[in-house]
Structures are given as C-alpha cells and as structure tokens.
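3 is the number of the first residue of the sequence shown in this note's numbering; add one for each residue after it.
Remarks on the structure that follows.
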Amino acid sequence: MTPLVTVYITSFNYQRFIRESIESVLNQTFQNFELIIIDDGSTDNSLEVIEEYRFHDKVRIIHQTNKGLNITNNIAMRAAQGKYIIRLDADDFLREDALQVMSSKLESNDELGLIFPDYYYVDEAGEIIGEERRHNFEEVSLYDQPAHGACTMIRLSFLKRSGGYNESFTCQDGYDLWIKFISHYKVTNINEPLFYYRQHGDSLSSNEDRILSTRKKIKDVFVGQHLTTPVTTAVIPVRNTLIGDVNWPLFEVNGKTVLEHKVDTCLRSTKLSAVVVSVAEEDLYQKVVDKISFSDRLTIIKRPSEFAEKDQSLFKTIQQCLEHVSSTGLSTEAIMSVSLEHPFLDVDMIDDVINTISIFNSDSVITVRPDNNMYYQHTGHTLKPISNQDKFIKLEREAIYKSAGGVVLSTIKNFEKNERLISGKTSHVIVDQRTGFKVESSFELDLFKAQVSQRSLLSDS
3 MTPLVTVYIT SFNYQRFIRE SIESVLNQTF QNFELIIIDD GSTDNSLEVI EEYRFHDKVR
63 IIHQTNKGLN ITNNIAMRAA QGKYIIRLDA DDFLREDALQ VMSSKLESND ELGLIFPDYY
123 YVDEAGEIIG EERRHNFEEV SLYDQPAHGA CTMIRLSFLK RSGGYNESFT CQDGYDLWIK
183 FISHYKVTNI NEPLFYYRQH GDSLSSNEDR ILSTRKKIKD VFVGQHLTTP VTTAVIPVRN
243 TLIGDVNWPL FEVNGKTVLE HKVDTCLRST KLSAVVVSVA EEDLYQKVVD KISFSDRLTI
303 IKRPSEFAEK DQSLFKTIQQ CLEHVSSTGL STEAIMSVSL EHPFLDVDMI DDVINTISIF
363 NSDSVITVRP DNNMYYQHTG HTLKPISNQD KFIKLEREAI YKSAGGVVLS TIKNFEKNER
423 LISGKTSHVI VDQRTGFKVE SSFELDLFKA QVSQRSLLSD S
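In structure tokens form, the structure reads like this:
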C-alpha cells in the first residue's frame, strides 16, 4: 500500500545519534509511513548503523557522495511515495505520536500546505534542557518567524508545485520553503512539543553568520522572481556627535569619513531611489558638502536646528526630506532611516530590509538582534527578572529583541498616518553581531579603531 507519510532522515557523520533518530520513527504509534534514510557521504561509522535497518519492511536506504542539504532534500522529494513528507535530522528524534498528530491535522484540511510543532531542546545525551513554544497560528497575521526546517510536515503535491528546494542554498531550507508556502498556501502549527531538537557544537543552527547570510539571499531571489519593491528614499540624519575629541560623522577611516562610507553604502543599493543627508548644524553642513561626492541620487539638505534637538523625534526631519524629494518629481512609496552609529552596516542589509517589507506585506521593518541576556527590574524590595527569561519553557511571545543595525523602514502611508517610522504591522530583520555593533562611547570607538586597523569596513569589501 502507498504510505500516507514519507519520513526521511538525512545524515552526515552522525553515528552517535542516528540510531535514536531511526528508532523514534519506527516506534511511532502511527505506522502508515515509509522511512528513507539518506547517508550524505559520511566518513564515520554511520553506514554500519544504517545498514542494520537494510531489510526492515518500512525502510529504504540511499548512499550518496556528499551533496549538501537542499540537493538531498530534492532527492528525498523525488523518491517519496507518501502524501505528506517530513524531514528528521539525524541528531534529532520524534515524540512517539508525532506522525499521528501532524498527519491528522493535514488530513482535516485540504488547503493546509504545511504544519509544524513546538519542540524540546535536548543536550548531547538526549536530556531535555528546555522547551520552545511558538505563537498560536490561529492568531498570527505576520509570518516573518519561519517554521523549523526539520520536523515540518509538508503536503508533497504542494512542495512539488512550488519547485522543491533551491539547490543554490546550502542551508536554511526551511526559510526558502517558508517564504514560498506563505505566499501560496495555508500554514499552521501545533502548540505542543512533538520532537526533540538536539543542541551541540556541530549543529547547523549554531552558525549564525551563515544562516543570516543565506536568509538574505533567499529573500533577494524570491523578490527578484515574484515581487516588486517600493520606491524607497533613505534619510541619513547627521549632527555634530562628539565622542571624546572625535566628531563621529567626520571621523576618517581608510581615507573617508564615517558619513562618506555610509553614503557610499546607500548609493550602492539599487533598491534605493534617493538618498538624503539631513545635516543639523551650519558648520557641519559646510564640511559635509565639501566632503561628499556628487550623485544624481544624493541630496544634502540643512534641517532647522529645532528638528535636531535630542527630545525631538525624526518625524519633522523626515517630513522635510520627503518634501524635498517630492519637489524633484520622485514619488516615494517607502522611507528609510539609516543611522551613523552602526558603521558595519552593508548594502546587502539595506536591500534585505526593503525585500522584507515586500515579502511580509508589513507597514514597517526594523533591524534587531535577539537578546538572551537576563534583565531585572527593581521592585523596591528586590530585583525581579523581566519577562520570565529564566523559565524552562521559552515562549515566542516573551522573546526579547533589541534595536541593532540602525535601519528602520516604513511605508509612506504608515509614516504619515502614525507620524513615526516604527508603527503598524512591524516585521524584523535579524542582523549579525558585527552589523549590530554601535559606536556611542569612547570605549566603543576604541574597539572600532582596533577592528578597522585589521580589516576594512565591511561596506567597502
């Protein structure tokens, strides 16, 4: 009989974990499945463990030279005989009723394209160390937090219709798939943990820079194929900012000021139609005009001093910039603020923010970093942890993000309605640690000097 579910396990040098992974599938309460085990060119003794299951009536085994995750995913997709397909990484394992719960949900609604559960965190020994609880998707309207790549059950016909996996990406298969599916199909979750996600030094998810870089590429490819981005103007607010004896906007790095580097970064973006440098003080304005090279997309304007007071929002400054751009005949659809305090921002991140507002149809976007530090509030009697960060269960609704990277984007409609950039349905882009680095103090300036003495600004590389 044709199985309802195809489970496939991908393995590369996971001898010490794969037996537990395989057994967690074979011991499911739901037995209408097939299991495909794909060894992706392991050089340890994984093959010896896998071959023990060669003659199991539910198991098929594929040995191949190392091809990487997404090529392997497509091999499994083509080999699958089930109505639904789910990948299990060789270092993770399923709860005994996982297939029953997920397949029942998909069977109940023909419009559902994929479903994903909450999960447990386990250590190398398989001991539970935490629990991840996602939002309830019956109440979610912003889909910029993707499902976990593994242990997501997918309707195979929809997966094939979407073109399968993009083999040019070596990781983040879940993110690529997620963007495709939320654009065409219904997705949902199950708010109970159905698999065990192992955290160890070899985990792909521990390589943050690689993951974030791949996500940017995935979004860029998707937008290039399916969407148009809004006509966007970037505003760079500038004022005299003294850090010790250094005026930060005019601080020179590799022969150019910090401001020149930021302008160059913005002008390299093909998604920005105009860049406006808004300068507060007259003396600084003249220095900026003397420094910045001319461009047909660049304007330098002086803003009234009252707009630059520390207690003032950017609303009036941006409004002035928009009025100027409008006078040139450009009809701006979105406005971006780019801060000088984050010197390592690169052009890819600017483009990523613009892609994000298009993909998730949001009103605004902010660059952030997840903040896992413990925060405390003084009650008058003691210090109390904020947002229950010390809990065993990690609730998605309690996750904390901090502004980092210095980029905020808003549609013009949203900006004019709310008179601020961060408002309405706000999506986010996670930046890496370097991009999130901010220079506000002498200590941070010294760190920055030490960094650039060894390598050029990321935006110039």
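All C-beta atoms, glycine included, are put in the ideal place defined by N, C-alpha and C.
Using the Cα positions of residue i and residue j, report the straight-line distance between them to the nearest angstrom.
i: Y145; j: K219; result: 18 Å
i: S329; j: A336; result: 16 Å
i: T67; j: I11; result: 16 Å
i: L214; j: K273; result: 20 Å
i: L460; j: S26; result: Unreliable placement is indicated for L460, whose pLDDT of 46 sits below 50; no coordinate value is reported for it.
i: G438; j: Q17; result: 38 Å
i: H380; j: I388; result: 10 Å
i: S339; j: H383; result: 41 Å
i: R135; j: D348; result: 33 Å
i: R80; j: I38; result: 11 Å
i: A127; j: E311; result: 56 Å
i: Q33; j: Y86; result: 14 Å
i: G115; j: I73; result: 21 Å
i: W180; j: F160; result: 12 Å
i: D46; j: F95; result: 20 Å
i: N29; j: E98; result: 7 Å
i: N374; j: I402; result: 7 Å
i: H186; j: S443; result: 47 Å
i: Y287; j: V281; result: 6 Å
i: H228; j: T413; result: 20 Å
i: K396; j: A406; result: 22 Å
i: D313; j: E113; result: 51 Å
i: N209; j: S48; result: 23 Å
i: F362; j: F253; result: 37 Å
i: E140; j: S106; result: 17 Å
Could you tell me whether the Cβ atoms of residue i and residue j are closer together than 8 Å?
i: I77; j: Y55; result: no
i: E398; j: H137; result: yes
i: I302; j: K264; result: no
i: T8; j: A82; result: yes
i: T428; j: S364; result: yes
i: V290; j: V278; result: no
i: I352; j: T267; result: yes
i: K404; j: R371; result: yes
i: K440; j: D354; result: no
i: D247; j: A152; result: no
i: L261; j: S297; result: no
i: H150; j: G166; result: no
i: P345; j: F450; result: yes
My understanding is that residue i touches residue j, with C-beta atoms under 8 Å, so please give their C-beta distance in whole angstroms.
i: V51; j: R21; result: 5 Å
i: D42; j: F14; result: 4 Å
i: V454; j: L411; result: At roughly 27 Å, the Cβ-Cβ gap does not stay under 8 Å, so V454 and L411 are not in contact.
i: E284; j: R241; result: The pair is not a contact, with the Cβ atoms about 12 Å apart (cut-off 8 Å).
i: K304; j: T259; result: About 18 Å separates the two Cβ atoms, so there is no contact after all.
i: S341; j: G408; result: 3 Å
i: T358; j: V431; result: 5 Å
i: D93; j: R217; result: About 22 Å separates the two Cβ atoms, so there is no contact after all.
i: P1; j: G84; result: The requested residue 1 is not part of the displayed model; the chain covers only 3 to 463.
i: L108; j: R163; result: About 16 Å separates the two Cβ atoms, so there is no contact after all.
Suppose the cutoff is 6 Å on Cβ atoms and the five residues either side in sequence are ignored; what does the same chain contact list for residue i look like?
i: G70; result: T172
i: D211; result: D434
i: Y122; result: I130, E133, P195 and Y198
i: N168; result: D178
i: E446; result: none
i: P119; result: I192 and L196
i: F183; result: G115, L116 and V189
i: H65; result: D41
i: M104; result: I117 and M155
i: C323; result: V237, V278 and S280
i: S463; result: In this predicted model, S463 has a pLDDT of only 41, less than 50, meaning its place in the structure is not dependable; the value taken from the coordinates is given anyway. Closer than 6 Å at the Cβ level, and outside the excluded window around S463, lies no residue.
Closer than 7 Å by C-beta to residue i: which residues in its own chain qualify, once you throw out the five before and the five after it? Chain order, please.
i: T243; result: N249, W250 and P251
i: F317; result: E421 and R422
i: T31; result: E98, D99 and Q102
i: V61; result: L37, I39 and Y55
i: D125; result: I131 and Q201
i: D350; result: K218
Identify, in the order they occur along the chain, each residue of the same chain with its Cβ nearer than 8 Å to the Cβ of residue i, setting aside the five sequence neighbours on each side.
i: S275; result: V233, T234, T235, R299, L332 and T334
i: N416; result: D365, S366, S425 and G426
i: T230; result: S360
Task: Within the stretch 30-74, ranges of the alpha helix (DSSP H) (whole runs, at least 4 residues) - done: Assignment of alpha helix (DSSP H) within the stretch 30-74, counting only whole runs of 4 or more residues, yields 48-53 in chain order.
Task: Ordered list of beta strand (DSSP E) runs contained in the stretch 205-269, each at least 3 residues - done: Taking only runs of at least 3 residues, the beta strand (DSSP E) segments lying wholly in the stretch 205-269 are 234-240.
- [ ] Could you pull out every unbroken alpha helix (DSSP H) segment of at least 4 residues lying fully inside the stretch 125-184, listed in chain order?
- [x] Entirely contained in the stretch 125-184, the alpha helix (DSSP H) runs reaching 4 residues are, in chain order, 158-163.
Task: beta strand (DSSP E) runs wholly inside the stretch 374-430, at least 3 long, in chain order - done: The stretch 374-430 contains these whole beta strand (DSSP E) runs: 378-380, 385-387, 395-397 and 403-413.
Open item on the list: Ignoring anything shorter than 3 residues, give me the beta strand (DSSP E) runs that lie fully in the stretch 283-311, in order along the chain.
Closed with: With a minimum length of 3 residues, the continuous beta strand (DSSP E) runs that stay inside the stretch 283-311 are 300-304.
Task: In chain order, each beta strand (DSSP E) run of at least 3 residues that lies wholly inside the stretch 3-31 - done: Runs of the beta strand (DSSP E) inside the stretch 3-31: 7-13.
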